[in-house]
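For the sequence shown, our numbering assigns the number 6 to the initial residue and increments by one for each residue that follows. Beneath this line is the structure, given in structure tokens, with notes to follow.
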Amino acid sequence: MPSIKERISGDMKAAMKSGDKASLGAIRMLHAAIRKKEIDDRIDLDDAGAIKIITSLVKQRQDSIEQFTAGNRMDLVEKETAEMKLLQAYLPAQMSQDELVKIIDASIQEADAKTQKDMGKLMKVLMPKVSGKADGKLVNQLVRERLPAA
């Protein structure tokens, strides 16, 4: 299976050949964000690093969609939604809430977390397991529901 960066390059070539300007613009933006990170940090990003960048770009799109909806700019909402869907295609499949709850419960046992004061310790154990596969806000919400207040 090709790496995420290889998939992006292939998709960029396909979008150029087909003349799909909207997809091409979004793919170029993604490619540029990955290259910028590689150049800034002088590293060659692996799939995990690319997933972090894609996740942050998806979050930016979600924030923009909220702002544009509040400003009644439906043309921009549609554009951002299309870009967000294209970006999400490069992310691994998201975990279901049931799977997430099982992993959280196992991590609570592993980290020996008793109250919300132990949340930092729990998140250190939990986040590597779910990074890129679950939304951070949802993980945080489920953890808070599972741990009693201090």
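Where a beta carbon is used, it is the ideal one built from N, C-alpha and C, also for glycine.
Of the residues assessed, ALA37 falls on the exposed side of the cut-off, its CB having fewer than 16 other CB atoms within 10 angstroms. Classified as exposed, ARG149 has fewer than 16 neighbouring CB atoms from the shown chains inside 10 Å of its CB. The DSSP-derived three-state label of SER136 is coil.
With fewer than 16 neighbouring CB atoms inside 10 Å of its own CB, SER101 falls in the exposed class. Proximity to ILE108 across GLN146, VAL63, VAL135 peaks at VAL135, based on C-alpha coordinates.
Every unbroken stretch of the alpha helix (DSSP H) spanning 4 or more residues and falling wholly within the region 88-133 is given here in chain order: 102-116. Its Cα nearest to that of ALA116, the residue MET128 stands out among ARG151, MET128, LYS26. With distances taken between CA atoms, ASP110 lies nearest to VAL144 out of ASP46, MET89, VAL144. Distance from the Cα of ALA27 is smallest, within the candidate group ASP103, ARG78, GLU85, for GLU85.
Of the candidates SER8, ARG66, LEU96, the residue whose Cα lies closest to the Cα of GLU83 is ARG66. Here GLU11 is exposed. Its C-beta has fewer than 16 other C-beta atoms within 10 Å. Apart from the 5 residues on each side of it in sequence, SER69 sits with its Cβ closer than 8 angstroms to the Cβ of LEU81, GLU85 in its chain, given in chain order.
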